[in-house]
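A short worksheet on the structure shown next.
Number of protein chains: 6
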Amino acid sequence: MGEARTQRSFFDQYLEKLRHVAEIIDLAPEAVEILSKPKRTIIVSLPLKMDNGKTRMFTAYRVQFNDARGPMKGGFRYHPDVNLDEVKTLAALMTLKTAVVNIPCGGAKGGIKCNPKEMSRRELEALTREYAKALAPFIGPDIDVPAPDVNTDAQVMAWFLDEYNKVVGKIVPSAVTGKPLSIGGSRGREGATGRGVFFIGLEAASKLNISLKNARVSIQGFGNVAFNAAKFFYEYGSKIVAVSDSRGGIYNPDGLNIYKVMEVKRKEGSVTKYSEAETISREDPLTVDCDVLIPAALERQITEKNADNVKAKMIIEGGKWSDNS
Amino acid sequence: MGEARTQRSFFDQYLEKLRHVAEIIDLAPEAVEILSKPKRTIIVSLPLKMDNGKTRMFTAYRVQFNDARGPMKGGFRYHPDVNLDEVKTLAALMTLKTAVVNIPCGGAKGGIKCNPKEMSRRELEALTREYAKALAPFIGPDIDVPAPDVNTDAQVMAWFLDEYNKVVGKIVPSAVTGKPLSIGGSRGREGATGRGVFFIGLEAASKLNISLKNARVSIQGFGNVAFNAAKFFYEYGSKIVAVSDSRGGIYNPDGLNIYKVMEVKRKEGSVTKYSEAETISREDPLTVDCDVLIPAALERQITEKNADNVKAKMIIEGGKWSDNS
Amino acid sequence: MGEARTQRSFFDQYLEKLRHVAEIIDLAPEAVEILSKPKRTIIVSLPLKMDNGKTRMFTAYRVQFNDARGPMKGGFRYHPDVNLDEVKTLAALMTLKTAVVNIPCGGAKGGIKCNPKEMSRRELEALTREYAKALAPFIGPDIDVPAPDVNTDAQVMAWFLDEYNKVVGKIVPSAVTGKPLSIGGSRGREGATGRGVFFIGLEAASKLNISLKNARVSIQGFGNVAFNAAKFFYEYGSKIVAVSDSRGGIYNPDGLNIYKVMEVKRKEGSVTKYSEAETISREDPLTVDCDVLIPAALERQITEKNADNVKAKMIIEGGKWSDNS
Amino acid sequence: MGEARTQRSFFDQYLEKLRHVAEIIDLAPEAVEILSKPKRTIIVSLPLKMDNGKTRMFTAYRVQFNDARGPMKGGFRYHPDVNLDEVKTLAALMTLKTAVVNIPCGGAKGGIKCNPKEMSRRELEALTREYAKALAPFIGPDIDVPAPDVNTDAQVMAWFLDEYNKVVGKIVPSAVTGKPLSIGGSRGREGATGRGVFFIGLEAASKLNISLKNARVSIQGFGNVAFNAAKFFYEYGSKIVAVSDSRGGIYNPDGLNIYKVMEVKRKEGSVTKYSEAETISREDPLTVDCDVLIPAALERQITEKNADNVKAKMIIEGGKWSDNS
Amino acid sequence: MGEARTQRSFFDQYLEKLRHVAEIIDLAPEAVEILSKPKRTIIVSLPLKMDNGKTRMFTAYRVQFNDARGPMKGGFRYHPDVNLDEVKTLAALMTLKTAVVNIPCGGAKGGIKCNPKEMSRRELEALTREYAKALAPFIGPDIDVPAPDVNTDAQVMAWFLDEYNKVVGKIVPSAVTGKPLSIGGSRGREGATGRGVFFIGLEAASKLNISLKNARVSIQGFGNVAFNAAKFFYEYGSKIVAVSDSRGGIYNPDGLNIYKVMEVKRKEGSVTKYSEAETISREDPLTVDCDVLIPAALERQITEKNADNVKAKMIIEGGKWSDNS
Amino acid sequence: MGEARTQRSFFDQYLEKLRHVAEIIDLAPEAVEILSKPKRTIIVSLPLKMDNGKTRMFTAYRVQFNDARGPMKGGFRYHPDVNLDEVKTLAALMTLKTAVVNIPCGGAKGGIKCNPKEMSRRELEALTREYAKALAPFIGPDIDVPAPDVNTDAQVMAWFLDEYNKVVGKIVPSAVTGKPLSIGGSRGREGATGRGVFFIGLEAASKLNISLKNARVSIQGFGNVAFNAAKFFYEYGSKIVAVSDSRGGIYNPDGLNIYKVMEVKRKEGSVTKYSEAETISREDPLTVDCDVLIPAALERQITEKNADNVKAKMIIEGGKWSDNS
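If you're matching them up, the sequences are chains C, H, D, F, R and Z in order. In terms of this note's numbering, the first sequence has 151 at position 151, counting the first letter as 1, and numbering is strictly consecutive. In terms of this note's numbering, the second sequence has 424 at position 99, counting the first letter as 1, and numbering is strictly consecutive. In terms of this note's numbering, the third sequence has 735 at position 85, counting the first letter as 1, and numbering is strictly consecutive. In terms of this note's numbering, the fourth sequence has 1000 at position 25, counting the first letter as 1, and numbering is strictly consecutive. In terms of this note's numbering, the fifth sequence has 1617 at position 317, counting the first letter as 1, and numbering is strictly consecutive. In terms of this note's numbering, the sixth sequence has 1713 at position 88, counting the first letter as 1, and numbering is strictly consecutive.
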């Protein structure tokens, strides 16, 4: 969402890639035409009475890109940078993602331009409920099924679903995914992305004839994705040699006990408080000696400057391209 | 829709005026906030199998700006220049218009980016029906009532309504205005804008202490608005001294028989074929000697260059600002 | 519904007339095509637990012929002879009738094949309610508005409407006409057909330069239509010289007091008990000396055999062609 | 709502009167049976997050007593004493009221057990919106049309309607009455009850051969009903000799200028500040010398104790029996 | 439903227990608040034309207590003692039951105050269909799924479902449970409660280190629950030493062949006609010598008076607390 | 659909068989009554603008015979001979078929009277979409689920479903069967009828103590059913000794390689071009020496004339009785 983007939009980048791929796979021009435009875009202004008593209008989006393969899937995010270009592009990518893994779903995406960090819990709930009411006619298990995304956790989905249920007068847990287990959420969803990172690693290792047992794995990050990926590698027998968080990183060539690292982080606020490791910088995990490197913090960490220093034989991108923009 | 607009959007112009007026009338900041954002914007891509067998996707809009005062009203147009900025602004203006004349309605606007002049009748009908199906859940006598606008005549409204009726399984003539009389259209609608021009003239004349009887009226244009305005002035007793069309103008200081002019235009294609008048240029009606000037062709005809030559005591803008852009 | 009809159907007769008229008025072939086929025909089998405990299935119809001009209007009848050919034809005729009198409505017709004279009140109510439930999705003020017809009086309409209201969960008096005044019926509806007969007479008389004042009027029949027609003529000053019912007729060249005749009929069961008149046969009103003849009993009473004996200057068909077949 | 009522319920009182009247007018037992039970009762628990952050559950009612004559009408109130017995009885009375004045409506009533005086504006709005969402499937122009009642003013109706509109996705001003003029409310509604008091007085006076011109009118109360009644009598030419509010009353045998009294009350908080009158007690208007007495404060003011002191020839009950309980 | 209850309502008892448990498990006050009030209560008056031609109004209930965990489940009963207090309490208990066994459902309950033993089959069917129509908008697989209860068997559910299907215009077998197998009912449902009694017995026996093989089981009752429980114990190898019905009991210390007992009961009307056993009183099964006692007739059979005489080591309550009240 | 049928309708034949079977199995008269009449028949006239610019009306049917066992199943066909009698009878047969194989479904059938061989692809698509719009309120997973039949392949179902989805605003793949795999169709559906022929053969062979291994199978036809049946027998080890198409047949007592036969037919247009077999007539497969005969071309091929020449021990009717009429 930086300056470069104002020159060429995110969606233009998508279109360029689409056309490039279309040429390679000899895609019919009509298919390209269809994949170039969202089926339906809904933009609503949501009035919210702020805690200070004043009414503000928030702009919210839902782009339903394509449903040729089935009801649409896609998250919605709360962020000051949310805009039509971004939402439209992410909806297009969701269409491709669901098709690539061959689930009978199309792609959509949504979001509200707001800064959840400056809003109270009550404001967030009220805004979410207004969003649910505004989208209710366009959402549902047979139409479009929202999921959480940046700044929209299980609690937000629960508010959204509760309001949706009120409007339609039914209990429809399948109207959203990513909801709390207690109201029908899926077990394992929280660690799903980390698990995916591991499975990709396993698959890639087998192609490269690398054994992940005892392989040295360095992970930049220790959030949800990073921790869960770490857990899977650890349980499989890999050595997690480095992890990091916003305060810095830690390194131990003999492997870290990631459960203990997590305990320390929970109690003391950072992995750097873990004693059985050497403290390193936030960027060092990218370049420590290792077999597998997993950048799972912010996107675009490997650059022209540090690329030559990466020593891993295999890199698995742990962050979602779309989510860190 | 020219080049100047790319520098400052149509909607930005609207916002600037809104804020200017708000200051004058001391409008509450919350009202300004609400009038600054459309309540709901719907953008859909409509697939159309062209006569040549190929499928094309057309982008169609409906901006429902505000419904605080009642169901929304606003036309939809078919034009290659239709875009979100324009539709949004016109929807905002409709909101103000319905409020100014105090009818219990809000404002909306729509359109399809297409070139009806290059499309067959079958294509236009099929596209209109797709548009109706796509908008059906958002339209209706209690929600938003479309009307014809640029390139969307009574026949287009009939197609739209017929398809709407099929989808909702009911006969709902009140779902659109501007439909043919035979299916419930309003008598007098065709000449309504011209009649409005005349009433404004009458009102203005009374304030200026001018009598319209025998007043000399010059009209640039001879389309629907121009002709109907001409008719009302003519029947009232004014002298229509000049009219014009795309091929040129005619002038007769003793007054034209506008019915005969119309007959000539119908038969021979231009007012310039009318024999009982002097032939002038397309722009001359603006500057001929007259009491009342009605520019009813394209907008923005009186410019820095010709303003000093205008001799009329009273100018009535006959074209819709919004429609001629 | 006699034997002749098995050779050429009622609807074929309609088609023949339609084509004949189409030629005369040069109707577009597409319009003929559209007027030749009902838009939608619904046939349902209604289960009814009879008073004897057994379940019987009744066949019920609703033909919605055409709604190009607006929501459809048309009665439904209960009769052993109800069949698709008849219902379809009557629906077509309703389409023409509403168009002729230029009300914004289309035409429909319905009915249940049953013998109401052999059914208990409870059975009739239960059957009507099943019919209402089966038709509920196709009926309504914006779709098709049933009315009473043969054997379906205001009470039947009230049952139908009550059940309709239950199914849709709303109070919708405008879903049927011919309902009791207490739940929104129209004043004057009961006598409407008779009133129509009188107005036609008045109109015709003016064209023929006949005065209805003191004109001698003979009426075959004394049912709802006949009595109400009689009343209007009587109040206007005509002399009602003959009336009849299924048991015979009465004749008085000086005119009958039709209110007293009705009183006698109510009390004693037949007009023939009226003392201040000569008793005649059921057919005699057709041929008595009179100025105006109104056949208002069964249809097709004037035949090759008696036509020469008709003495009236003016004949007004009081029965509905469609209803007596 | 006092102690006496726990012994015999409000609804039992209604039933007793119903049966009493039924006997007098020889009402069919089945009609009595139907008028003895509400058609539908809905009780909902509404969760509300209070300003202190805690969630409370409020009990809300809607009793839809009878819709045989049309969609139901009836207010809803916010009061700590709201309970099923009261709501049910008032709904029954609404059924009788609409029938008596012969409008095509049935009767209903609703309310929330809450203390609006202890709630913030935000809490009231949120509670009203929850109520609207809970009732939405049962409410509407064709079903049941709520109105304001005790503690539910035009603003409350506007909140209710706005939320109703959001849930149904339409603009339905006819779903409630008593809304602000700006969104479709009726002119004259505010003064309607006072106007009714006057018309009843006029009608009664004519029967008693009393002239209201110069008649001395004493009014207990000076709220909405009392003031509007006063205005009508005053404009008609009656002398308003006494009015009162919760702080006391005023008396002037030559008549009060009620506009000036109102001005004083608005500015200084009580009619007792009005200088051109004698100050009396709150109860004195009941017993001052006058021709017409209008008790329009709390109900049940004329009791065994003061009845003998009432000097008016005519008493018009200005308060609603139902509303002051 | 005896006298004691008029002093403290059934729901008050529930509330007391709820608060008691809440204290023990430290339940959040807001959860207690929510579990103290039904989400939605619907009371309707159903008109029924009795076989004697008269119309009676029946009061019917549906209390939808809580749906936080999913669509609600709960039976409906036909009984003269049905009242709001009872239905509300049973709906609360259903909420707890579904939560305890962790199925994704909430709790509801319903019923009609009527005496099915004094009603004809036709009346019962008509009443059930009216109930279905009245509840249709509130019922469904995603809202609330009724089940049979006291006096509402599979046939009643079939009538209810058939009418529900007619109103919604769909075939929705999942809208009720307890329907006949032929229209989608579940196998094994009829014997489910008896099976549950046995499983509880098995579980309890294992904790008490008792073997049910050859254990002597005494059962008060021989209805659906009692017989099915008997069957499961019998097949497992237990000795059923006593059973009873409303006419008395039978006892055989060597065990009864319960299939033969059932055959006798079917043919001759009572278990007491069974020859291979000693005849005892209706209450004797409670106190005969046995290892397991199953009271499965009416509730509250073991009292202060007979408790000391119970010889069983284990008692399994076979009746539902809620159903026998 | 030949001449014989005009004398006795297809449905009369069905009724005769129904009554015959009812007698044998002692079916309750009420069940016979119910199985004698379709629950709901819908006939619609679909306007279609032909490629030549003219509008034609097509008559389309849907007979929903019975849904007592669940949502209805049944195909729809496009054929010039489609008529109510046929559609009604096939709907009745579908009711019996679904019941016989005990799936929780009822029976329906539909069709459009049209000649798809004389219509363009665009016309077929437009007609199908009109049909879908007209049937949308009566169709759905819980009501009636259409399937392809004569001249209605997977592409037609896809058009129908796409239009249905547009009208209902949801993605409902379960609204039709027989759709393409890519939008949710079932694998194996294409070969299902042929597979059924084989399974019936297997079952019959086991009863007759015939081994299908090496059994000589003669098949009249080589369309979808014939080819798929041939494939299953071939893979099982039977010898396919004869097949045929509209141009003639082929015979090889040692067995044909049916894959090669198919390859030849695809390339050269007829099985008769296959070189490794003797050419025979179109009818010869019925009478060649074989163990199993499968008539899978048109129905009614074995007649009084050739019946004596049939040599097979076992005949399996491969064509659908209903489809070839």
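Ideal placement from N, C-alpha and C gives every residue a C-beta, glycine not left out.
In terms of beta-carbon proximity, valine 1707 of chain Z stays away from the interface with chain D, with every pair separated by 7 angstroms or more. Straight-line spacing of the CA atoms in isoleucine 753 of chain D and glutamate 673 of chain D works out to 25 angstroms. For isoleucine 143 of chain C, the residues of chain Z that pass the 9 angstroms Cβ criterion are Gly1794, Lys1795, Ile1796, in the order they occur in the chain. For the set H:Pro441, H:Lys362, H:Gly436, H:Ile525, the Cα lying nearest the Cα of leucine 537 of chain H is the one of H:Ile525.
In this structure, the beta-carbon distance from glutamate 30 of chain C to threonine 380 of chain H falls below 7 angstroms. Inclusion of alanine 1083 of chain F and aspartate 1056 of chain F in the CB contact set at 7 angstroms is not warranted, their separation being larger than that value.
For methionine 707 of chain D, the chain Z residues whose C-beta falls within less than 8 angstroms of its own C-beta are Glu1658, Ile1659, Ser1661, Lys1662, listed in chain order. Using a Cβ-Cβ cut-off of 7 angstroms, proline 1446 of chain R does not count as an interface residue toward chain F, since no Cβ of chain F sits closer than that to its own. Alanine 99 of chain C has its alpha-carbon roughly 12 angstroms from the corresponding atom of proline 71 of chain C. If the five residues before and after aspartate 1449 of chain R are omitted, its C-beta is found closer than 7 angstroms to the C-beta atoms of Gly1375, Phe1376, Arg1377, Asp1623, all from its own chain and listed in chain order. C-alpha of lysine 1758 of chain Z to C-alpha of glutamine 13 of chain C: approximately 39 angstroms in a straight line.
When the Cα atoms are used, cysteine 1080 of chain F and threonine 1127 of chain F turn out to be separated by approximately 21 angstroms. In this structure, the CA atom of aspartate 717 of chain D is about 11 angstroms from the CA atom of glycine 494 of chain H. In the structure shown, isoleucine 1334 of chain R adopts helical secondary structure according to DSSP, grouped into three states. Put simply, the backbone Cα of valine 1842 of chain Z is about 9 angstroms away from that of glycine 1880 of chain Z.
The C-beta of aspartate 616 of chain H has 16 or more other C-beta atoms within 10 Å across all chains shown, which makes the residue buried. Closest by C-alpha distance to asparagine 224 of chain C, out of C:Thr287, C:Leu208, C:Ala297, C:Ala204, is C:Ala297. Pairwise C-beta distances place the region 181 to 190 of chain C out of contact with the region 1417 to 1427 of chain R, as fewer than three of them are shorter than 8 angstroms. Under a 10 Å Cβ-count criterion, tyrosine 1249 of chain F is classified as buried, with 16 or more other Cβ atoms of the shown protein chains found around its own Cβ. At a Cβ-Cβ threshold of 7 angstroms, valine 1797 of chain Z and aspartate 142 of chain C count as neighbours.
The three-state reading of DSSP puts isoleucine 1324 of chain R in helix, counting H, G and I together. If you draw a 10 Å sphere on the C-beta of alanine 1932 of chain Z, you find fewer than 16 other C-beta atoms in it, and that means exposed. Using a Cβ-Cβ cut-off of 9 angstroms, proline 830 of chain D is close to nothing in chain R; its nearest Cβ partner there is about 17 angstroms away.
Beta-bridge pairing by DSSP links methionine 1047 of chain F to F:Gly1081, F:Asp1119. The CB of threonine 366 of chain H comes closer than 8 angstroms to the CB of Thr41, Ile42, Ile43, Val44 in chain C, given here in chain order. Between the alpha carbons of cysteine 1089 of chain F and leucine 135 of chain C lies a distance of about 32 angstroms. Counting every other CB atom within 10 Å of its CB across the protein chains shown gives tyrosine 1361 of chain R a total of 16 or more, marking it as buried. With respect to the C-alpha of valine 1142 of chain F, the residue from F:Pro1121, F:Arg1104, F:Ser1157, F:Met1132 having the closest C-alpha is F:Arg1104. Within the region 1413 to 1437 of chain R, those residues whose Cβ lies closer than 9 angstroms to any Cβ of chain F are, in chain order, Ala1434, Pro1437.
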